[in-house]
Structure formats: structure tokens, C-alpha cells
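Novice: First the structure, then my questions, so here it is.
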Amino acid sequence: MTTTFELEDIQSKTEAWLQNTRYASKSITPLAGGTVNFTFLVHLKDSLKDGTDKVVVKHSEDFVRHTPSYKVSLARTVAEQQCLRSLSTLSPNVQGSSTGSMFQIRTPICLYFGEVAGMQIHEYLPAGVDLKTYLLERTTHRTPNALEPQYTLLGQAMGSWVRQFHDQASRQPELVQEVAKNKEAQQVQQLVTYQFAVDRVKDYPAILSEVQSVLEEVQKLAADELEIGPLQVIHGDLGPANILIPNLELQEGAKVPVFVIDWETSQLGISNIDTGQMIADLYRLWLCKNNEAALWMLRGFCKGYGLVSETHAFRTAIHAGVHLISRGTIDREMGTMDELEGVARAGRDIVLNGYRRNRGWFENGDLACLFDQIE
């Protein structure tokens, strides 16, 4: 049976549920973004004791919002809740500079969780917008060079926070136990990244045919990693679209709160999935939009994440290249067909040189930052 829905019905269902909580709404407005869930900005009928008068409600169903025929388990909401509870103990990674800019990276506070109803009530970030939209709307290829330090530091703060998350999350047994149950997220990751990369060969045969065997080898490598390990807690969909930042110009001396959101994809995996996706998504903004701020952030992210090993750098590069091929070539809003073909070429070259461990190729290109801290 095909699942269908009307947004108005979902909104009414959400509003009715809220009336039986302390978060009863005065008004409720759908928020843009999100492919799986429904999110709403709620203006509370009665402010909370701390003065809070707006919250975000995340409403999850047992199907994907943009593809209602695709069924997904509500168990993902429990994994997200465990992440939000556990990661709230991480210090908000504050980075400063001579300009006085400060970035405070953290997860949003979950105020309430209705597991049976599939409802979460999250802290609202005033004027918040996802980082992908922010970079597309507030920065261009003509972004003043004077802003390079601030965007570099933002990337560095993000990289440092992600490294802290990777290092500490797997030391929390309760978190590991809960995230380990989210096997559906692992399966989706393998499908939409590694299988889809192989499938893209037929879409871009002139560009990708020569690397089909390598893509198939990498797909097998990724599957074997899940069986052999070692695995750790990862976000699973760590890209600019899941980073929230106030939609304001970066100002000297301003403290900037930054939220890392959408933890329902959390899973046991390898850290390169998170670092590789972030690098790929930022690099695509450079490739398609000539967005220098994205490139500055990419370099800062690598610096903030820090040294692991040469092998880790190559594996991150491979995932970044595969991600560009599988998911970076299908968003027609991001570029023309010629530009998307350019993304496919870039992904191909990154995968090939990562697979062949050709460090010199990287050190002479845009992704030299992957190896900057490795002797």
C-alpha cells in the first residue's frame, strides 16, 4: 500500500499532541529542510520559566517525508535521544582569534521526548539557518579575503568538536549500546553512498567507467569494515546541511552558537564517514559555486580535526570522493550539467588517488590540508 500524507494533517496532529504538554502552541509554522522528518517552529502559549517562548518540534513518522513509500523505523528517534543526552556533556568547543570571533559548537538541548508519538521538542536557535544555505546565500566567489580568518576558524572549531565527539562518544557504554541498534542507518549509508556510487557509472560513463572496478572494490571495503571493525559512534550524515548557525554576518567579538543536529543517523561506523562527507560537501560548494568561504572552512575543518595517520587521511579522501560521485552529482539545484560532470571528475580523481595512496597528488591540489599535519 502506498503511503501518502498531507502536511496540514501532520501539522494538526503535532499541534493536538502539544496541547497535552507544557509546550502547548500559540502558533505553529512548518520549517524548510529535512528529507525524512517534519519540523515545526512553535510559539508557545505560555513561556517557560527561563523565558523561552519558541521551540522546535521534530515529528517523525514510519516513512520518509520525501519518499513516503520508503518505510523507516521509529527506533531512530531513540538513538537520536541517546546522542543528545550523552553529547550534552561535551564542552562547547570555543575558538577565538585576534579578531575576537568565538564559535560555540554543541548539540541542541532536547526539552521533551514523546517516544510513542515520535515527537521531540528541541531548543530553538534564533534566526538559525543550515550552514549550506548560509554559505550559498551569504557568501559568494567574491567573499572579501578579510573574512578568511573567521571562516577558517569556524571550520577549525567544527573539526575540533567533531574530533572530541569521535574520541569520547565510544567511551560511553550506554550510548554505544543504543546506537548499535540503529543498523538501518548503517544499511542506508552503504546504499546511498557506496552502492549509488557504482550506479552513477551508467549516468556518467565517459567519466566513471575507468574507475568502476575501483568503486566496486571500495564498496566491498566499506562492507568488510562493518564486519571486521573496529567501529565507533559516528553521526552518519555530517554535512553543512546538518549544522545550524545564526543567519547573521560574522562580526568581530561576537559569540556565535553553532548546533550539530539530526542525530537519528547515528550509527557504529568508521570516523572517515563523518570527516569525508563534511569535506566532500564543502568542496562541492567550491567546485559548483566557486565559494571561497567553503574552501576556507574545509581547510580549517581539517586543521581542527587534527592528525590521525596517513592511512586515516587516505580513507577519508576515498569516502569524500565516493560521496561526491554518489550524492554530489544528483542535486541539479547546485549546478549545471557541466558543473555536475566536474563534480564527478573530481570525485573520480580523489577516489583513484586515495585508493592508490598517491600523497603527492593531494599535496599539489585543493585537498592538501588532509596531509598538512602528517610527516
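Going by numbering that gives the first Met the number 0, the first residue of the sequence shown is number 0, and it counts up by one from there.
Heads up, the beta-carbon is just placed ideally off N, CA and C, and yes, glycines get one too.
Predicted model, so just to flag it, every value in this text is computed and none were measured.
Go ahead and label L134 buried or exposed: buried means 16 or more other beta carbons lie within 10 angstroms of its beta carbon, across all protein chains shown.
Specialist: Here residue 134 refers to the residue found at position 135 of the sequence shown. Looking at its Cβ environment, which holds 16 or more other Cβ atoms inside 10 Å, L134 is buried.
Novice: Within 10 Å of its beta-carbon, does A336 have 16 or more other beta-carbons around it, so buried, or fewer, so exposed?
Specialist: Along the sequence shown, read from residue 1 onward, the residue named residue 336 stands at position 337. Checking the sequence, you will find Met at residue 336 rather than Ala. By the 10 Å Cβ count, M336 comes out exposed.
Novice: Mind the definition here: the segment 109–126 touches the segment 222–238 only if three or more C-beta pairs lie below 8 Å; say whether that holds.
Specialist: Under the three-pair Cβ rule at 8 Å, the segment 109–126 does not count as touching the segment 222–238.
Novice: Between which two residues does the alpha helix (DSSP H) harbouring Q119 extend?
Specialist: On the sequence shown, residue 119 is found 120 positions in, with the first residue counted as 1. First-last for Q119: M118 to E122, but that is the beta strand (DSSP E), not the alpha helix (DSSP H).
Novice: Within 10 angstroms of the Cβ of V394, are there 16 or more other Cβ atoms? Answer buried if so, exposed if not.
Specialist: Beyond the ends of the chain as shown, which are 0 and 374, falls residue 394; an answer cannot be given.
Novice: Out of A367, H65 and H42, point me to the one whose CA is closest to E5's CA.
Specialist: As a working note, residue 5 is residue 6 in the sequence shown. Answer by Cα proximity: H65.
Novice: Are the segment 78–91 and the segment 41–54 in contact at 8 Å, needing three or more beta carbon pairs?
Specialist: no
Novice: Quick test of the definition: if touching needs 3 or more C-beta pairs under 8 Å, does the segment 312–321 touch the segment 264–279?
Specialist: yes
Novice: Can you list the alpha helix (DSSP H) stretches of 4 or more residues lying completely in the segment 238–302, in chain order?
Specialist: 271–288
Novice: For the alpha helix (DSSP H) that L17 lies in, which residues bound it at each end?
Specialist: As a first step, residue 17 is located in the sequence shown; it is residue number 18 there, counting from the start. Start and end: L6 to L17.
Novice: Which one or two residues does DSSP pair with K57 in a beta bridge?
Specialist: As a working mapping, residue 57 is identified with position 58 in the sequence shown. Looking at the DSSP assignment, K57 forms a beta bridge with T38 and Q119.
Novice: Over the uninterrupted beta strand (DSSP E) stretch that includes Q372, give me the two end residues.
Specialist: Here residue 372 refers to the residue found at position 373 when the sequence shown is read from its first residue. Where Q372 is concerned, there is no enclosing beta strand (DSSP E), given that its DSSP letter is neither H nor E.
Novice: If the criterion is Cβ atoms closer than 9 Å, does the pair S265 and C109 meet it?
Specialist: Position 266 of the sequence shown, counted from the start, is the residue given in the question as residue 265. Position 110 of the sequence shown, counted from the start, is the residue given in the question as residue 109. No.
Novice: Can you pull the DSSP bridge partners for M101?
Specialist: One-based indexing of the sequence shown puts residue 101 at position 102. Its beta-bridge partners are K254.
Novice: Does the structure place the segment 344–358 close enough to the segment 202–214 that three or more beta carbon pairs sit under 8 Å?
Specialist: Segments in contact, yes.
Novice: Under the assumption that N290 contacts T139 (Cβ atoms under 8 Å), give the Cβ distance between them as a whole number of angstroms.
Specialist: Start at 1 with the first residue of the sequence shown, and residue 290 comes out as number 291. Start at 1 with the first residue of the sequence shown, and residue 139 comes out as number 140. Correct: roughly 7 Å between the Cβ atoms.
Novice: Comparing C-alpha positions only, which one of Q163, V200 and I244 sits nearest to S325?
Specialist: Here residue 325 refers to the residue found at position 326 when the sequence shown is read from its first residue. Out of Q163, V200 and I244, V200 has the C-alpha closest to the C-alpha of S325.
Novice: Would you kindly check if the distance between the Cβ of S59 and the Cβ of F39 is under 9 Å?
Specialist: By one-based count along the sequence shown, residue 39 stands at place 40. By one-based count along the sequence shown, residue 59 stands at place 60. Going by C-beta atoms, F39 is not nearer than 9 Å to S59.
Novice: R298 and T151 look like a contact to me (Cβ under 8 Å); what is the Cβ gap, rounded to whole Å?
Specialist: Start at 1 with the first residue of the sequence shown, and residue 298 comes out as number 299. Start at 1 with the first residue of the sequence shown, and residue 151 comes out as number 152. Yes, R298 and T151 are in contact; Cβ-Cβ is about 6 Å, under 8 Å.
Novice: Going by other Cβ atoms of all chains shown within 10 Å of its Cβ, with 16 needed for buried, is P107 buried or exposed?
Specialist: Residue numbering aside, residue 107 sits at position 108 when the sequence shown is read from its first letter. Counting Cβ neighbours within 10 Å, P107 comes out buried, since at least 16 surround it.
Novice: Is DSSP giving D49 helix, strand or coil here?
Specialist: Numbered from its first residue, the sequence shown carries residue 49 at position 50. Looking at D49 - three-state DSSP - the assignment turns out to be coil, as it is neither helix nor strand.
Novice: Taking C-beta to C-beta, are R75 and E183 nearer than 9 Å?
Specialist: As a position in the sequence shown, residue 75 is number 76, starting the count at 1. As a position in the sequence shown, residue 183 is number 184, starting the count at 1. Cβ distance < 9 Å, so R75 and E183 count as in contact.
Novice: Return yes when the Cβ of K288 is within less than 9 Å of the Cβ of G334, no when it is not.
Specialist: For the purposes of this step, residue 334 is identified with residue 335 of the sequence shown, where counting begins at 1. For the purposes of this step, residue 288 is identified with residue 289 of the sequence shown, where counting begins at 1. Against a cut-off of 9 Å, the Cβ pair of K288 and G334 comes out as a contact.
Novice: Helix, strand or coil for I378? Go by DSSP, reduced to three states.
Specialist: The chain is shown only over 0 to 374; residue 378 falls outside these bounds and no answer can be derived.
Novice: With DSSP as the reference, please indicate the residues paired to D129 in a beta bridge.
Specialist: On the sequence shown, residue 129 is found 130 positions in, with the first residue counted as 1. L243.
Novice: Indicate the three-state DSSP secondary structure (helix, strand or coil) for T28 in the structure shown.
Specialist: Locating residue 28 in the sequence shown gives position 29, counting from the first residue. Of the three classes helix, strand and coil, the one that applies to T28 here is strand, per DSSP.
Novice: Could you check where the beta strand (DSSP E) with V232 kicks off and where it finishes?
Specialist: In the sequence shown, the residue the question calls residue 232 occupies position 233. Note, V232: beta strand (DSSP E), Q231 to I233.
Novice: Buried or exposed: which applies to E332, given that a residue is buried once 16 or more other Cβ atoms fall within 10 Å of its Cβ?
Specialist: Within the sequence shown, the letter at position 333 stands for residue 332. For E332, the number of other beta carbons within 10 angstroms of its own is below 16, and it is reported as exposed.
Novice: Who are G228's beta bridge partners in DSSP?
Specialist: In the sequence shown, the residue the question calls residue 228 occupies position 229. Its beta-bridge partners do not exist; DSSP assigns none.
Novice: From this set, Y354, D52 and V321, which residue's C-alpha is nearest L190's C-alpha?
Specialist: The sequence position of residue 190 within the sequence shown is 191, counting from 1. Scanning Y354, D52 and V321 for the CA closest to the CA of L190 turns up V321.
Novice: Taking the alpha-carbon of Y22 as reference, which of L243, M118, L294 and R105 has the nearest alpha-carbon?
Specialist: If you number the sequence shown from 1, residue 22 lands on position 23. Among L243, M118, L294 and R105, the Cα nearest to that of Y22 is on M118.
Novice: Using the DSSP secondary-structure output, state which residues sit across from L366 in a beta bridge.
Specialist: By one-based count along the sequence shown, residue 366 stands at place 367. Bridge partners of L366: none, in fact.
Novice: Quick one: grab the DSSP three-state call for Y304.
Specialist: Counted from its first residue, the sequence shown places residue 304 at position 305. In this structure, Y304 counts as helix in the three-state DSSP scheme.
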